[in-house]
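**Student:**
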Amino acid sequence: MADKLKFALAIALLAAGVVGFYLLAEQALIIRILAVLVGVAAAAALAWYTEPGQRFFVFAQEAALEARKVVWPTRKETLQMTGAVFAFVVVMAIFLWVTDKSLEWALYDLILGWKKS
């Protein structure tokens with residue numbers, strides 16, 4: 224039960240930071256941003272002491288570790304894949320345009336007999 228209360232208070236602190244941003248509309252932008260950051264920091268600090276908060280922080284650390292293991296494509300591979308996708312899109316656009324015009328010609332000129340002027 225204590226974890227639920229702490230977590231609810233953490234959410235309230237987070238909301239207070241966001242509300243503070245709007246209540247300080249007359250103040251400088253840096254003060255408004257600091258209000259949000261203080262709310263986020265206080266909420267994170269309080270959430271750290273809850274069991275779900277501990278699980279979340281462990282999950283975040285593991286996710287960051289897994290992200291470091293990703294093998295990102297090189298610039299050359301990225302440009303080649305982008306070029307292939309672009310070429311496919313152009314070919315598909317031409318195919319769909321030809322299909323559309325062929326069906327239009329068949330429907331309007333051959334079947335219905337409506338000649339465009």
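Just add 223 to wherever you are in the sequence shown, counting from 1, and you've got my numbering.
Beta carbons: idealized from backbone N, C-alpha and C, even for Gly.
Values in this document were obtained by computation on a predicted structure and should not be read as measured data.
(1) Within the continuous alpha helix (DSSP H) that includes E249, where are the two ends?
(2) Provide the residue span of the alpha helix (DSSP H) that contains D332, from first to last.
(3) Leaving out five residues before and five after L236 in sequence, what residues of the same chain have Cβ atoms less than 7 angstroms from its Cβ?
(4) Where does K299 sit, in a helix, a strand or coil, going by DSSP?
(5) With a 10 Å radius around its C-beta and 16 neighbouring C-beta atoms as the bar for buried, classify D258 as buried or exposed.
(6) When you compare the CB positions of A233 and G276, do they come within less than 9 angstroms of one another, or not?
(7) Measuring only the C-alpha atoms, how far is F279 from I253?
(8) Taking only three categories from DSSP, how would you classify W320?
(9) DSSP three-state call for K292: helix, strand or coil?
**Tutor:** Straight from the coordinates:
(1) Per DSSP, E249 belongs to no alpha helix (DSSP H) and is neither H nor E.
(2) Run containing D332: none; DSSP gives neither H nor E here.
(3) G262, A265, A266, L269
(4) helix
(5) Per the sequence shown, residue 258 should be read as Ala rather than Asp. The residue in question, A258, is buried, as its Cβ has 16 or more Cβ neighbours within 10 Å.
(6) yes
(7) 29 angstroms
(8) helix
(9) coil
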